[in-house]
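**Q** The sequence shown: position 74 = 74 (full-length UniProt numbering), numbered continuously.
The C-beta atom is built at its ideal place from N, Cα and C for all residues, glycine as well.
Computed from a prediction, not measured in an experiment: that's the story for all the values here.
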Amino acid sequence: MNFYEAKLKFIKNTIGKANRVLSFDLETLVKDSSFLNQERIIAISVTTSDGKTDVFTSEADSDEEEYAILKKFNDLIGNFKPEVITGFNHAAYDIPLIYTKLVKLSYSRQLWHLKFFLGTSFIADMMYICAMDLFPDTGEYKIRGLRKVLEMPKYLLLPLERKKDLVIIDGKNIAEAIEMLWKSDRNKFIQYCEGDTKDVITLYDYI
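1) If you pair each beta-carbon of the stretch 20 to 27 with each one of the stretch 36 to 51, do three or more pairs fall below 8 Å?
2) Rounded to a whole number of angstroms, what is the C-alpha to C-alpha distance between A6 and V149?
3) Span of the alpha helix (DSSP H) holding I95?
4) Could you please give me the residues that DSSP links to S45 through a beta bridge?
5) For V84, count neighbouring C-beta atoms within 10 Å of its own C-beta (all shown protein chains included) and say buried if the count is 16 or more, exposed if not.
6) Quick check on the burial criterion: 16 or more other C-beta atoms within 10 angstroms. Buried or exposed for S108?
7) Would you tell me roughly how many angstroms separate the C-alpha atoms of N79 and H113, rounded to the nearest one?
8) Could you please give the first and the last residue of the uninterrupted alpha helix (DSSP H) stretch that includes D125?
9) Between which residues of its own chain and F189 is the CB-CB distance below 6 Å, once the five residues before and five after are set aside?
10) Can you tell me whether DSSP reads R109 as helix, strand or coil?
11) From D137 to K154, what does the alpha carbon distance come to, in whole angstroms?
12) Taking just the CA atoms, how far does N2 sit from residue 245?
13) Would you identify the three-state DSSP class for R162, choosing helix, strand or coil?
What follows is the structure, given as structure tokens:
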């Protein structure tokens, strides 16, 4: 057994009996090219292991709308009490971005459930777990984007949503396409948001 197989086995043995698993994903407006700088959260998609999916969307590009959807996420996570929080690259992007927002809040507006469960739940980043899971099939440990992961032969028969193509729009990069859908086609935007968290929790359950 190589390192990646042993590591994946350890993770499965550690969290395999968890009953409350939560997958989440943020959608943002990118206001400049700096990573985690000036990014506005406009939607939070959440899928839980009881089969429920919620998408909290902001109605405007404002601090108050952003706070409102973070508070809804805070309330959901406080009620669900996840043992495992999963996502795709959420350990390096979504969670750090949330913390950049939390540190700016006054004490009276702090979102304590988010702080508690992001600090105490097992953080299982599927970007790395899928790379380890695919290692025996591909012979290489390779980090892939979610779109590429969903196309891998090993996962083709899984009941995945595969909504990534909704943000493939001629003349637009991904960030521009997301903003366009948010502004002009809310139904497709919500489908896109739901697809990511549903697919991540399906991959989590399979692996």
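**A** Concretely, from the data shown:
1) yes
2) 21 Å
3) I95 to L102
4) D25 and V55
5) Buried, by the Cβ-count rule.
6) exposed
7) 9 Å
8) Segment F122 to D125 is the beta strand (DSSP E) holding D125; no alpha helix (DSSP H) there.
9) Once the five neighbours on either side are set aside, the close Cβ partners of F189 are L181 and W182.
10) helix
11) 8 Å
12) An answer regarding residue 245 cannot be provided, because it is not within the stretch 1 to 207 covered by the chain.
13) coil
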